[in-house]
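J.:
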Ligand SMILES: N[C@@H](CCC(=O)N[C@@H](CS)C(=O)NCC(=O)O)C(=O)O
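Residue numbers (this note's numbering): 1340 to 1552.
Structure follows, in structure tokens:
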């Protein structure tokens, strides 16, 4: 059995749930990190000592001995590879690297850009209420999204010219978060069109564009 553990408003959990849906996989979703299911508990720490979600459990892996994975992007890649879905994660080294460089960029440059503004404006974190820092984060967030705009203007429909891949899952969720956060948005028409294009996918509507930023 496949299990995805993590609260459903976590962007990293949603990447894995969206990937499962694209792969048509049956999964049990357990919302650790919400309500009574504390990430500080010994039960959860035994699965991920870092105390972060998502965690993916695959009871069938390793000939039935099972596999427990942390790191959302690793989980998405594992699932695509497990299902032989080379359309989502190409086998050829160059094509795969093109997909992965967007995934890495999302987890590093883009994530760092939005963190302060998102935590301050959406999560209402008391530690992230400095107005100048929110403005600086929003400006950097717009600047980083400008790189996606540039790419989409040349590829046309998706992050790479390879069609819909795992890169679009992580970037689709990032685009959703950017759209939903009350900052002054840069004018990025190709990003807006991308958001609408992804919205034609039922799995994005279920796990991405579902009202939660
Ligand atoms: N690099 C990790 C980051 C995981 C992460 O930061 N998860 C957040 C939720 S998006 C978390 O568990 N935060 C602690 C909490 O919810 O208490 C990944 O991609 O899976």
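We treat Cβ as the ideally placed atom computed from N, Cα and C, and that holds for glycine. Keep in mind it's a predicted model, so treat the numbers as computed, not measured.
So what does DSSP say about residue 1410, is it helix, strand or coil?
T.: coil
J.: Please determine whether the Cβ atom of residue 1349 lies at a distance below 8 Å from any heavy atom of ligand 1.
T.: At least one heavy atom of ligand 1 lies less than 8 Å from the C-beta of residue 1349.
J.: Skipping 5 residues on each side, what residues in its chain have a beta carbon closer than 6 Å to that of residue 1368?
T.: 1343
J.: Go ahead and pull the three-state DSSP assignment for residue 1368.
T.: Of the three classes helix, strand and coil, the one that applies to residue 1368 here is strand, per DSSP.
J.: Please report the residue range of the beta strand (DSSP E) in which residue 1397 lies.
T.: 1394-1397
J.: Beta carbon of residue 1461: closer than 8 Å to some heavy atom of ligand 1?
T.: no
J.: Helix, strand or coil: which one does DSSP assign to residue 1343?
T.: strand
J.: Give the secondary structure of residue 1513 by DSSP, where H, G and I count as helix, E and B as strand, and everything else as coil.
T.: Annotated three-state conformation of residue 1513 is helix, per DSSP.
J.: Can you find the residues in the same chain that come closer than 7 Å, C-beta to C-beta, to residue 1525, ignoring five residues on each side of it along the sequence?
T.: 1481, 1484, 1485
J.: Under 9 Å, Cβ to Cβ, is there at least one residue of chain D near residue 1454?
T.: Note that chain D does not occur in the displayed structure, where there is just one protein chain.
J.: Excluding the 5 residues flanking residue 1537 on each side, which residues of the same chain have their C-beta closer than 6 Å to its C-beta?
T.: 1511, 1543
J.: Quick one: residues in its chain with C-beta nearer than 6 Å to the C-beta of residue 1551, no 5 flanking neighbours on either side, listed in chain order?
T.: The answer, listed in chain order, is 1348.
J.: Give the straight-line distance between the Cα atoms of residue 1437 and residue 1449, rounded to the nearest whole angstrom.
T.: 17 Å
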